[in-house]
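The sequence shown begins at 670 in the numbering used here and counts up by one.
Cβ atoms here follow ideal geometry from the backbone N, Cα and C, with glycine treated the same way.
The structure displayed is predicted, hence computed values, not measured ones.
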Amino acid sequence: MPSPPRLTPIFLKGIVTIMDEKYVLISERIRELREIFDLSEEDMAKETGVGVSTYKEYEASGKNIPISVLYHISQKFGVDLSEILTGEAARISTMQVCRRGKGKTIDRYPGYMFESLAPRFKGKVMEPLLVTLSPGQPEAPLVTHEGQEFNLVLEGEIVITYCDKEYELKPGDAVYFDPTNPHGQRAIGTEKARFMTVITE
């Protein structure tokens, strides 16, 4: 019986290329939206509250764009976040059931993955997300965005940094805050942590 084929460096490189492609598609979608509305990169940098070079990198690679920035862009242009992430338009306007593990998932940073829990519901006024954090990863930069935010810890333990203070949260703990102030979350301990976040614009 022949032995299974080995994974060669070329094949592994192909996997990396495929993974990178989803980020490139995100960058193409936000660039297309900007151009449709005849806005410059400088306009969008100001709109999203980041430096011009940072925004240009968002459009160049699609990597490391905070979910808050993508949500802000979706609200500004009147499209659903899931459409920016997947290229598929949301179509449901009455009710959507999202089964466990069936949301739209994407990795944003090393050790940080989120899953949209209502990707097919159009015209959302809030964005429910399930976030998974891996311990031992470098802390992501703090972010700010408009609206309000709610976090509920489901598994593991997290630290939420808010302005210059840190708060440890365990399963069942929740926090509701004004996200126009710098904030971020990270896992602590040795286990992955999961929390639900709801963002409104």
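The alpha-carbon of Val-800 is positioned some 31 Å away from that of Phe-706. Nearest neighbour of Pro-840 by Cα position, chosen from Thr-830, Gly-805 and Asn-820, turns out to be Asn-820. Here Val-794 has Thr-869 as same chain residues with Cβ atoms under 7 Å from its own Cβ, once five neighbours each way along the sequence are excluded. Counting only runs of 4+ residues, the alpha helix (DSSP H) found wholly inside the segment 688-744 occupies 710-717 and 721-730, in chain order. Contact between Leu-694 and Phe-746 is absent: CB atoms are separated by about 16 Å, not below the 8 Å threshold. Under DSSP, Asn-850 takes part in no beta bridge, so it has no partner. Residue pairing by DSSP places Gln-806 opposite no residue, since no beta bridge is assigned to it.
Shown here for Glu-752: same chain residues with a beta carbon closer than 6 Å to its own, the five before and five after excluded, namely Ala-758 in chain order. Note on the segment 762-827: there is no whole alpha helix (DSSP H) run with a minimum of 4 residues.
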